[in-house]
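K.L.:
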Amino acid sequence: MIDKKKLKKSLLVLLLISIIIVAIILIRNTLARYETTATSDKDVDVAFWMLHDDFKTGKLLIKDIYPSNNTYEYSFSVSNFQKEDDGTIKKRAETDLEYGLTLTMTTNLPLEYQIEKNGEILDSEAAKQEIITDDDGTYYKKISIAESQMNQGVDSTDKYVIKVRFPKENDTNAEYSDLIEYIKLDLSAKQIID
203 MIDKKKLKKS
213 LLVLLLISII
223 IVAIILIRNT
233 LARYETTATS
243 DKDVDVAFWM
253 LHDDFKTGKL
263 LIKDIYPSNN
273 TYEYSFSVSN
283 FQKEDDGTIK
293 KRAETDLEYG
303 LTLTMTTNLP
313 LEYQIEKNGE
323 ILDSEAAKQE
333 IITDDDGTYY
343 KKISIAESQM
353 NQGVDSTDKY
363 VIKVRFPKEN
373 DTNAEYSDLI
383 EYIKLDLSAK
393 QIID
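Okay, so the sequence shown: first residue is 203 according to this note's numbering, each after it adds one.
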């Protein structure tokens, strides 16, 4: 004789097992529909930006300067392109960029500084001057020039002139006779992403 209770239990267990198997198959098929694989062998275009890539910090030594009413001029330029000797363009920035300049000077001599950009004297807002100290307590004069922008596709050059004046009233002060002044130019540039 067949035990009806055992038969019901066996059928119930088989039914549950079959439901679980069907559920697993359905879930696996459903999840498989949301998977995809993508491959790409396309070259990615990269835009390059440059500002005379060999320049990061420049040094300028001011010597043989004496008190007078004359100004001593030191010039440099910042460009978003680089030319060959024959005048053809060697490199050009492929992105818009923004750059800033910082000039740091020793305070050995009581010199007065003016910065000229593209023929115009920069005011105190565009060229902020401050006295700073390092960890050793040495004093420096720092001039931070306002950031400038250069657009891609347009060859741009900003010409700077550092005008240095040693006031005439210091011509009788012998303590300045053998001192030299040092200027460090720091250029920082970044790509503009809009």
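Heads up, the beta-carbon is just placed ideally off N, CA and C, and yes, glycines get one too.
Residue 209: buried (16+ other C-beta within 10 angstroms of its C-beta) or exposed?
P.N.:
Translated into positions along the sequence shown, residue 209 becomes position 7. The residue in question, residue 209, is exposed, as its Cβ has fewer than 16 Cβ neighbours within 10 Å.
K.L.:
Between residue 264 and residue 383, how many whole angstroms is the CB-CB distance? I'm expecting something under 8 Å.
P.N.:
As a first step, residue 264 must be located in the sequence shown, where it is residue number 62. As a first step, residue 383 must be located in the sequence shown, where it is residue number 181. So it is a contact: roughly 4 Å between Cβ atoms.
K.L.:
Does DSSP put residue 247 in a helix, a strand or coil?
P.N.:
Position 45 of the sequence shown, counted from the start, is the residue given in the question as residue 247. At residue 247, the pLDDT of 47 sits below 50, so the modelled position is not reliable; the number obtained from the coordinates is stated separately. The answer is coil: DSSP assigns residue 247 none of H, G, I, E or B.
K.L.:
Could you name the residues of the same chain whose beta carbon sits closer than 6 Å to that of residue 390, not counting the 5 residues immediately before and after it, in chain order?
P.N.:
Counting from 1 along the sequence shown, the entry for residue 390 is found at position 188. Once the five neighbours on either side are set aside, the close Cβ partners of residue 390 are 302.
K.L.:
Can you name, in chain order, every residue of its own chain whose Cβ lies under 6 Å from the Cβ of residue 300, other than the five neighbours on each side?
P.N.:
For the purposes of this step, residue 300 is identified with residue 98 of the sequence shown, where counting begins at 1. Counting only Cβ-Cβ distances below 6 Å, and skipping sequence neighbours, we find 349, 351, 392 and 394.
K.L.:
So, for residue 298: in the same chain, excluding its five sequence neighbours on each side, which residues have a beta-carbon less than 6 Å away from its beta-carbon?
P.N.:
As a position in the sequence shown, residue 298 is number 96, starting the count at 1. Around residue 298: 353, 354 and 394.
K.L.:
How about residue 274 and residue 366: do their beta carbons lie closer than 7 Å?
P.N.:
The residue given as residue 274 occupies position 72 in the sequence shown. The residue given as residue 366 occupies position 164 in the sequence shown. Contact: yes.
K.L.:
Per the contact definition of three or more C-beta pairs closer than 8 Å, is the stretch 326-343 in contact with the stretch 304-313?
P.N.:
Cβ pair count under 8 Å is three or more, so yes.
K.L.:
Hey, could you find the ends of the beta strand (DSSP E) residue 357 is sitting in?
P.N.:
Counting from 1 along the sequence shown, the entry for residue 357 is found at position 155. Segment: none, residue 357 is in no beta strand (DSSP E) and carries neither H nor E.
K.L.:
Just list the beta strand (DSSP E) runs in the stretch 291-330, keeping only unbroken ones of 3 residues or longer that don't cross its boundaries, in chain order.
P.N.:
As far as the stretch 291-330 is concerned, its whole beta strand (DSSP E) runs of at least 3 residues are 291-294, 299-308 and 314-319.
K.L.:
Express the C-alpha separation of residue 294 and residue 249 in angstroms, rounding to a whole number.
P.N.:
Here residue 249 refers to the residue found at position 47 when the sequence shown is read from its first residue. Here residue 294 refers to the residue found at position 92 when the sequence shown is read from its first residue. In this predicted model, residue 249 has a pLDDT of only 46, less than 50, meaning its place in the structure is not dependable; the value taken from the coordinates is given anyway. Residue 249 and residue 294: Cα-Cα distance of roughly 10 Å.
K.L.:
Quick one: is residue 225 buried, meaning 16 or more other Cβ sit within 10 Å of its Cβ, or exposed?
P.N.:
Position 23 of the sequence shown holds residue 225. That one is exposed.
K.L.:
Quick one: is residue 280 buried, meaning 16 or more other Cβ sit within 10 Å of its Cβ, or exposed?
P.N.:
On the sequence shown, residue 280 is found 78 positions in, with the first residue counted as 1. Buried, because 16 or more other Cβ atoms sit within 10 Å of the Cβ of residue 280.
K.L.:
Would you tell me roughly how many angstroms separate the C-alpha atoms of residue 283 and residue 328, rounded to the nearest one?
P.N.:
Working through the sequence shown from its first residue, we reach residue 283 at position 81. Working through the sequence shown from its first residue, we reach residue 328 at position 126. For residue 283 and residue 328, the distance between alpha carbons rounds to 24 Å.
K.L.:
Between which two residues does the beta strand (DSSP E) harbouring residue 388 extend?
P.N.:
Taking the sequence shown and counting its residues from 1, one reaches residue 388 at position 186. Counting along the chain, the beta strand (DSSP E) containing residue 388 begins and ends at 383-393.
K.L.:
Let's see if you can read the secondary structure: which residues bound the beta strand (DSSP E) around residue 274?
P.N.:
Taking the first residue of the sequence shown as position 1, residue 274 is located at position 72. From DSSP, the beta strand (DSSP E) with residue 274 extends over 273-281.
K.L.:
Look up residue 212 in the DSSP assignment and say whether it is helix, strand or coil.
P.N.:
To locate residue 212, count along the sequence shown from 1; it is residue 10. Helix, per DSSP.
K.L.:
So which of 290, 368 and 376 has the shortest CA-CA distance to residue 270?
P.N.:
Translated into the one-based positions of the sequence shown, residue 270 becomes position 68. The shortest C-alpha separation from residue 270 is found at 368.
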